[in-house]
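Read the structure below first, then the notes.
Numbering (the working numbering), first residue to last: 5 to 247.
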């Protein structure tokens, strides 16, 4: 079950990344270069992880990259990423990835592939629908609820010992801050929110390496790129507004 969840999260992270990249068409060349550098660092981490792992770890990484590539190809082919829906859910995807870490099984790539396929079909279906949460009080309540869920994840991880628990607790603290910022300030601090979510995304990369889960590793990298793109777009918009 949790391997299927990791595959589904990988698809959601890639779709959110594609949406964030498409929304940053007006950013400067310098910020675009930063995005390329983050992508190159992610590729290096993937190669290093695959080279240092066993044959099972390599297979898991190949399947994870296949899931991510398939999701990106479907987004480009059917233009799923043209109506941003998941780019505002980076923090929630990261929280779900952190919550699945204790149950991650790196030797079940088939389950991850099935979960990714189901998630991709679901995203394609939902992309045809038109809905949005326009009630500010409801959106604020949802962010408070998400902050509570992150607190539960952090508390559960904090009861364990080791470096992995420290990473998860730190990431959930950042996610709690992100959701509280969204609940109290709304969209007024997009740069801060994307920075906090980016820290959580990097933590997902770390736990993916620790758990030996290729799906979690690719999920974290996709989230990191998406958060960086959202931050670049927010800073560009702020610079344009200040002029």
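Virtual Cβ for every residue (Gly too), placed ideally from N, Cα, C. Please read these numbers as outputs of a predicted model, since none were measured by experiment.
Asked: Within 10 angstroms of its Cβ, does residue 19 collect 16 or more other Cβ (buried), or is it exposed?; Found: buried
Asked: State buried or exposed for residue 157, treating a residue as buried only when at least 16 other CB atoms are found within 10 Å of its CB.; Found: buried
Asked: Rounded to a whole number of angstroms, what is the C-alpha to C-alpha distance between residue 182 and residue 163?; Found: 23 angstroms
Asked: Between residue 42 and the rest of its own chain, which residues show a CB-CB distance below 8 angstroms, the 5 nearest in sequence each way excluded?; Found: 228, 229, 232
Asked: Going by other Cβ atoms of all chains shown within 10 Å of its Cβ, with 16 needed for buried, is residue 191 buried or exposed?; Found: exposed
Asked: In the DSSP assignment, find the unbroken alpha helix (DSSP H) run with residue 71 in it and report its ends.; Found: 59-82
Asked: Is the separation between the beta-carbon of residue 15 and that of residue 101 shorter than 8 angstroms?; Found: no
Asked: Apply the 10 Å Cβ neighbour rule to residue 71 and answer buried if 16 or more other Cβ atoms are within range, or exposed otherwise.; Found: buried
Asked: Quick check on residue 172: buried or exposed, where buried means 16 or more other Cβ atoms within 10 Å of its Cβ?; Found: buried
Asked: Going by beta carbon distance, what residues of the same chain come within less than 8 angstroms of residue 184, once the five residues before and after it are set aside?; Found: 147, 148, 151
Asked: Using a 10 Å radius around the Cβ and a threshold of 16 neighbouring Cβ atoms, would you call residue 82 buried or exposed?; Found: exposed
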